[in-house]
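Residue numbers (the numbering used here), protein chains in the order written: chain D, 1 to 405; chain S, 406 to 810; chain P, 811 to 1215; chain A, 1216 to 1620.
We treat Cβ as the ideally placed atom computed from N, Cα and C, and that holds for glycine.
Each remark here refers to the structure printed beneath this line.
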């Protein structure tokens, strides 16, 4: 392995996923934990030249004030998910990252998100100023830390869906909207992804926010030869869905109804209390079923904010299906997982795989990363095993030799 | 489609799976139900020449006295799984089958099964007499009904496991044991499979009884160019397991414990109350997990007889797993399905696929049928999607042209 | 037991609870079922002189067209809850009731309910005309069937909540609103209860509709010496809640969150899809917890319409609680019951107990019937065992001798 | 409140319940936690003169070697139930107790328990020597700490059931068996309770071990005017059962089957892996249902040892019941609680209530403490609310004035 270095710029750097990912990377470096939850650490990736944990540097931005250590402590207190010993072991690492957490933007993100912003938040300025500052931050990070690549990962709260508009569809229209400082069609997520791609930074949209990876941005990534992927990390209920739904297809058992109830108590849950923001989330959750089954059973998904649960997402799913002689049967499942700890290792995986793709000269959307997302862009495969197959095929190609389109 | 006819000889013909399969075939013929639960009716098998429902004739044997209609009525009363209207629609069909249900053998099947036998059950005679009678029955059925093939399906109650012995391993030793009428190494399931294969009848072991498809019998099937497959139909808890377990593998989440509790109230459950018989069942259920995961988490499976449930199997599974930062999380599922109605369409599928294989000149164990079994013989693939892939590959080969080994 | 006869007039007579109650009474009369679900048939009521099943006559009204037998058949087909044999046994009884099912009113019940009304529904007329017709129906039923008492039971769909107004609070104001035909403060449920009480008929509000038992109506019942009770029959999730919640109190375990998700597919569920109507229901469900515990944990209740479930209500409740050393623990329950079949025996119980109360000269609200209702009027006791204690005390008083206030 | 002091002698002092109780008492003294889970801290006991946490001293014995702090750390590590901060806050308190933890006996406790004993465990000696040593310990503890009362609480692992014998039934026979050092009818639990009562110490049997409170011991307690109570603390599944089962009775819904599956991973679970020991436990769990319902539905209870769960007991119960028109319905519940943290506050409650009873001159079995036990001796009330009523009545009597039998 060479001595190249890879930066990770996290949008929403003070959130609990970010805290878990940064703490986890430090613990892995110190060999204090196993890389559970990371596929890039399994035998599948043996002999693949990925960046190691000690080659990765973290930075990022957030609209809130606060400290990474507090976010992690909260995770530890609330859910007992992180032991105090581990917390102490990474205290210093988290504090060192502090100077690299800059002020972000929540431009046009809706009331729920804006209410989180630090009290001394700057008054609204021209979008071009936001873009300039963000690009400047990325360049400074790259230069000072001597990084070969900076992967930008969006872990910010879910924005309300963006309405369709010309600036969504074409790069030229987007440039015009930005020039005109037009709030009606540009949100923070777009400003971030636009800036990242302009700087040639690989970009991962781990959120459901639809503004991040619009056709306009994909167009720009083609020009800048930058890899992109999203949307919405697949960590819990949807993960189980994408593993279970094919079973009904393969047994020719008709799913009559698939009802999902999610409760959670972290910041993510809090923002999703807001109907506007929730609608983005429910959309990415909804598609999976009909895409796997080929028809649309009755299905509704609820997400409720239950503060006492903190990061421990609990989901009940009731699946009603019809079998032989029209007999009606059911399968229920109850998922209880720490949302941030399920997400964090996927973020580390994605950083390593985006860096690899960038180094190999790949660009545009990355279909082989479909298994990481609830709504994988440009991919028809929605059943988990098909998506995993895409990744395995990619690994095989990487092993075979240098990338050629 | 030609006018060829295919017979199905069911061992355990008066049981509820048999009643459901025979009634279902009649209802399908009359176009009164959809073929839910049958994969051979899906688009995957379009253009494949399979026998149609009106080309299939049923017969079989049982150690109990009784009527098929009563078995079906019991299914209807007990679980409300079959509506009275449907029951009436197939009354006549079931009664017509009656004369074709012969007396079976429970030779060396253990106390639990023997206690089910009809009161006028014949005293023990030489094994060769059982074999002769059974072969005679198969020939008569084939001749009188003018059948091209007779597929034999074992749906009888689970026998205690058969101890390893030379007669298990080699055909010559088996022949000797039969000649010597040796109870220590031959059970009813062996007598049936031996007879069926001698008559060139494709044989499906839908039960966990290990006596049916021993290496000795596989050897004989090679000589007689007869297709075979088993063991133990995969209908419920194990089906879900084989769909879900790969998810943990693909996310590198370590399964710490996977505990299963099954309750059911049909005859199957009643026989499995007996520890001897239960041990066969638990064995086929146990393997799946470690074969998929590559390691053996703590795992125990219980099956309890709860009469009030009748055919409605209810299974609770608790899966404890370790994620990032060693956080422990869980997934639980509750499966509620009518066991016989989940099994019956698989039986019809297997009959059609065994007839096809036989017609194409295939013989020995049939790995492409792995997805139908809890413990598919001679197959390494235990995750459901891999098994389904084997079937899809087979279908592709069939479509491509005539069979060549 | 004397030969007195008691009538039951059901508002919503074509609904599934009504069909189940009428069919159940007939089956009980014929001794074809056990009185499961009826407390008045237990040893607690031994030696209490209650009307027998063959002393009860049914009649009622509905805004829909249709037949009782169809409602029952639907219950049988949809949920397999009623066997065809039982259905046939009561066919004639149900048909005989037909001529006694009159056209009801859905005056001011909101869009969701009005859309159910028969196509030839009469144009709106003055409220006094509705009242006259309804009182006339009750008198005719009583006279022709030679009934000593007619108990009126409201089983109609849930109305939107009624806004507070003078006509809600005082009888005089209510009379004025009726005279002025004032839609803003009078709904169908009020017209029914007003008429019933005017005719001296005991009145049970088995629905959450708040218009039925307003203070104004209770005032009228005092004058007319008529017994009343409601609101909202306690059949499923709330029943379990009222049995379980005291456990947390008695162990000093603090309930942090109690989240409830209900799915069902019958007409009740369909009407509750409408937010206006749902709000009445959620209100009666909500109170229970804080009244038992003495504080209000985080709690939200969802009711979703899932057509494939028909009458089989399925409810998941997640209870998060804090124990010693602040450890967080949980209890979940899953309730699967046929809603109409849980309600019907309670209706029969209430008819018998209201007839008894009326005969004994009791009037006004009946606190001893608290255990039957989600929101028992004028009763502080919300834990199930306290409510049952109220009933047992009442039975003891009845046994001790004649009623004296 | 006076300055009297009360001692607690715990048999099984190094176990996790003991560690939690001792740590909890210390944290309560320091006002660092709320008394969640303790009923004696609720308003019900206002104005009742109970010993305060700073009036209680702990001591005890164990057959294992080890430290209290390690037991608590294990509880904290394994289940994340105790935060490290709290652990640190009581470190010193736990260490101070150390010198007061003596070597106990596992005389005749069966292989499973004996295998836990410290390696330097003394060879078997005469029972009288065990008794002398134990009484000596109690006297020393009382004298040195200047205690008015010492309450002995048995928290040791579950012994195999004791066979019926004369020494079980009469005190004279017990004395003879002890004199004869007769292993066939005396176990460690008897030696402990015999010694405690001889010393006039109130005795609580929080375990299912039947040797502790035999009729012979109750006879002795009469003579020594000592209060006693047991058996088997009611902490989880049985607690829920005793709250829920009455609901079915009160609705006249026939329970057809009630199946229970418990999994846990602490020492208790480990010992219960042994069939001999498990049989004692299952017996106390079994009675509850039939005593509440008045009939015995099909019911089986499993307890499985699942190490990864540590102290987090998880129980699934499936309740099948019959309603109106014979419709079958179900209720399931899943309980997830930390066993030791559910037990510890009950232990503190019992200490306070036994001290009160002793001070008031009460002796023999204490029926008002029924709600604390799975199998409350000499009490017919098994439904939780009836048991709580017994306690409330007792509190009322205490408030009314001094005790008179």
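For chain A, is any of its Cβ atoms less than 8 angstroms away from the one on residue 405(D)?
Position 405 of the first chain, counting from 1, holds the residue named residue 405(D). Since pLDDT at residue 405(D) reaches only 47, below the 50 mark, its modelled position is unreliable, and the value read off the structure follows with that caveat. It does not; no Cβ of chain A falls within 8 angstroms.
Is residue 1143(P) close to chain A, meaning its C-beta is less than 8 angstroms from at least one C-beta of that chain?
For this step, residue 1143(P) is matched to residue 333 along the third chain. At least one chain A Cβ lies under 8 angstroms of residue 1143(P).
Would you please verify whether the beta carbon of residue 862(P) is less than 8 angstroms from any beta carbon of chain A?
Here residue 862(P) refers to the residue found at position 52 when the third chain is read from its first residue. So, not an interface residue.
For residue 1152(P), which residues in chain S fall below 7 angstroms Cβ to Cβ?
Working through the third chain from its first residue, we reach residue 1152(P) at position 342. Under the 7 angstroms cutoff, chain S gives no residues; its nearest Cβ is about 17 angstroms from residue 1152(P).
Does residue 445(S) pass the burial test, meaning 16 or more other C-beta atoms within 10 Å, or should it be called exposed?
Indexing the second chain from 1 puts residue 445(S) at position 40. When all chains shown are included, residue 445(S) counts as buried.
Rounding to the nearest angstrom, what Cα-Cα distance links residue 616(S) and residue 227(D) in this structure?
For this step, residue 616(S) is matched to residue 211 along the second chain. For this step, residue 227(D) is matched to residue 227 along the first chain. Going by the C-alpha atoms only, they are around 57 angstroms apart.
From which residue to which residue does the alpha helix (DSSP H) around residue 268(D) run?
The residue you call residue 268(D) lines up with position 268 of the first chain. For residue 268(D), the enclosing alpha helix (DSSP H) covers residues 267-272.
Cβ pair count under 8 angstroms reaching 3, the region 1021-1034 of chain P against the region 1152-1167 of chain P
Contact fails between the region 1021-1034 of chain P and the region 1152-1167 of chain P, because fewer than three Cβ pairs, one in each stretch, are under 8 angstroms apart.
Cα separation between residue 411(S) and residue 556(S)?
What you label residue 411(S) is simply residue 6 of the second chain in a count that begins at 1. What you label residue 556(S) is simply residue 151 of the second chain in a count that begins at 1. About 8 angstroms.
Closest residue to residue 1510(A) among 1607(A), 1473(A) and 1489(A) (Cα-Cα distance)
What you label residue 1510(A) is simply residue 295 of the fourth chain in a count that begins at 1. Taking residue 1510(A) as reference, the option from 1607(A), 1473(A) and 1489(A) with the minimal CA-CA separation is 1473(A).
Supposed close pair residue 834(P), residue 1468(A) - CB separation, criterion 8 angstroms:
On the third chain, position 24 is the one that residue 834(P) refers to. On the fourth chain, position 253 is the one that residue 1468(A) refers to. With a Cβ gap of about 14 angstroms, residue 834(P) and residue 1468(A) do not count as contacting.
Ordered along the chain, which non-local residues of its own chain (more than five positions away) have a Cβ less than 7 angstroms from that of residue 1164(P)?
Position 354 of the third chain, counted from the start, is the residue given in the question as residue 1164(P). Annotation for residue 1164(P): 961, 1012, 1014 and 1037 place their beta carbon closer than 7 angstroms to its own, counting only its chain and skipping 5 residues before and after.
Excluding the 5 residues flanking residue 855(P) on each side, which residues of the same chain have their C-beta closer than 7 angstroms to its C-beta?
Start at 1 with the first residue of the third chain, and residue 855(P) comes out as number 45. Excluding positions up to five away in sequence, the list reads 1205.
Three or more C-beta pairs under 8 angstroms: does that hold for the region 50-70 of chain D against the region 85-105 of chain D?
Yes, the region 50-70 of chain D touches the region 85-105 of chain D.
With DSSP collapsed to three states, give me the class of residue 946(P).
Within the third chain, numbered from 1, the residue matching residue 946(P) stands at position 136. In the structure shown, residue 946(P) adopts helical secondary structure according to DSSP, grouped into three states.
Closer than 9 angstroms at the beta carbon, the chain S residues around residue 246(D)
Here residue 246(D) refers to the residue found at position 246 of the first chain. Per Cβ cutoff of 9 angstroms: 648, 789, 790 and 793.
Chain-order list of residues whose beta-carbon lies under 7 angstroms from that of residue 478(S) (same chain, five-residue window excluded):
Working through the second chain from its first residue, we reach residue 478(S) at position 73. Around residue 478(S): 492.
Is the Cβ-Cβ distance between residue 591(S) and residue 625(S) less than 8 angstroms?
Taking the second chain and counting its residues from 1, the one referred to as residue 591(S) is at position 186. Taking the second chain and counting its residues from 1, the one referred to as residue 625(S) is at position 220. Not a contact, by the Cβ cut-off of 8 angstroms.
Could you check where the alpha helix (DSSP H) with residue 1443(A) kicks off and where it finishes?
For the purposes of this step, residue 1443(A) is taken as the residue at position 228 of the fourth chain. In the DSSP assignment, residue 1443(A) falls outside any alpha helix (DSSP H) and within the unbroken beta strand (DSSP E) covering 1442-1445.
Straight-line gap, residue 423(S) to residue 464(S) (C-alpha atoms, nearest Å):
Position 18 of the second chain, counting from 1, holds the residue named residue 423(S). Position 59 of the second chain, counting from 1, holds the residue named residue 464(S). When rounded, the distance between both Cα atoms is 10 angstroms.
Please confirm whether residue 1368(A) has its beta-carbon closer than 8 angstroms to some beta-carbon of chain P.
As a position in the fourth chain, residue 1368(A) is number 153, starting the count at 1. So, not an interface residue.
What's the call for residue 111(D), buried or exposed, on a 16-neighbour Cβ count within 10 Å?
For the purposes of this step, residue 111(D) is taken as the residue at position 111 of the first chain. In summary, residue 111(D) is exposed, with fewer than 16 beta-carbon neighbours lying within 10 Å of its beta-carbon over all protein chains present.
Step through the CB atoms of chain A and report whether any lies within less than 8 angstroms of the CB of residue 1079(P).
The count along the third chain starts at 1 and reaches residue 1079(P) at position 269. So, not an interface residue.
Quick one: what does DSSP say residue 469(S) is sitting in, helix, strand or coil?
Taking the first residue of the second chain as position 1, residue 469(S) is located at position 64. For residue 469(S), the secondary structure class from DSSP, reduced to helix, strand or coil, is coil.
If contact means a Cβ-Cβ distance below 7 angstroms, which residues of the region 1113-1130 of chain P contact chain D?
Within the region 1113-1130 of chain P, the residues whose Cβ lies closer than 7 angstroms to any Cβ of chain D are, in chain order, 1114, 1116, 1117, 1118, 1119, 1124, 1126, 1128 and 1130.
Residue 1509(A) by DSSP, collapsed to three states: which one?
For the purposes of this step, residue 1509(A) is identified with residue 294 of the fourth chain, where counting begins at 1. Note: residue 1509(A) maps to coil in three-state DSSP.
Let me know if residue 1576(A) comes out buried or exposed under the rule of 16 or more other beta-carbons within 10 Å of its beta-carbon.
Taking the first residue of the fourth chain as 1, we reach residue 1576(A) at position 361. Residue 1576(A) is exposed by the Cβ-count criterion.
Please identify the residue among 887(P), 893(P), 946(P) and 886(P) whose C-alpha is closest to the C-alpha of residue 913(P).
The residue labelled residue 913(P) in the question sits at position 103 within the third chain. The option with the nearest alpha carbon to residue 913(P) is 946(P).
Have a look at residue 841(P) and residue 813(P) and give me their C-alpha separation to the nearest angstrom.
Residue mapping note: residue 841(P) aligns to position 31 of the third chain, counting from 1. Residue mapping note: residue 813(P) aligns to position 3 of the third chain, counting from 1. One C-alpha to the other measures close to 19 angstroms.
Would a check of beta-carbon distances place residue 894(P) closer than 8 angstroms to chain S?
On the third chain, residue 894(P) is found 84 positions in, with the first residue counted as 1. With 8 angstroms as the cut-off, residue 894(P) counts as an interface residue toward chain S.
Where does residue 1047(P) land, buried or exposed, given buried means 16+ other C-beta within 10 angstroms?
As a position in the third chain, residue 1047(P) is number 237, starting the count at 1. Burial is judged here by how many other beta carbons sit within 10 angstroms of a residue's own beta carbon; residue 1047(P) has at least 16 and is buried.
Beta strand (DSSP E) segments (min. 3 residues) lying fully within the region 730-809 of chain S:
Counting only runs of 3 or more residues that sit fully inside the region 730-809 of chain S, the beta strand (DSSP E) segments are 733-743, in chain order.
Compare the C-alpha of residue 421(S) against each of 738(S), 548(S), 553(S) and 559(S) and name the closest.
Stepping through the second chain from its first residue, residue 421(S) is reached at position 16. Closest in C-alpha terms to residue 421(S), from the list 738(S), 548(S), 553(S) and 559(S), comes 559(S).
Measure how close the beta-carbons of residue 571(S) and residue 578(S) come, nearest whole angstrom, since I'm counting them as under 8 angstroms.
In the second chain, counting from the first residue as 1, residue 571(S) sits at position 166. In the second chain, counting from the first residue as 1, residue 578(S) sits at position 173. With a beta-carbon spacing of about 4 angstroms, residue 571(S) and residue 578(S) fall inside the 8 angstroms limit used to define contacts.
I need the boundaries of the alpha helix (DSSP H) containing residue 843(P), first residue and last residue.
To locate residue 843(P), count along the third chain from 1; it is residue 33. Premise fails: residue 843(P) is in no alpha helix (DSSP H) and is neither H nor E.
Could one say the Cβ of residue 1071(P) lies closer than 8 angstroms to chain D's Cβ atoms, at least one of them?
Counting from 1 along the third chain, the entry for residue 1071(P) is found at position 261. With 8 angstroms as the cut-off, residue 1071(P) counts as an interface residue toward chain D.
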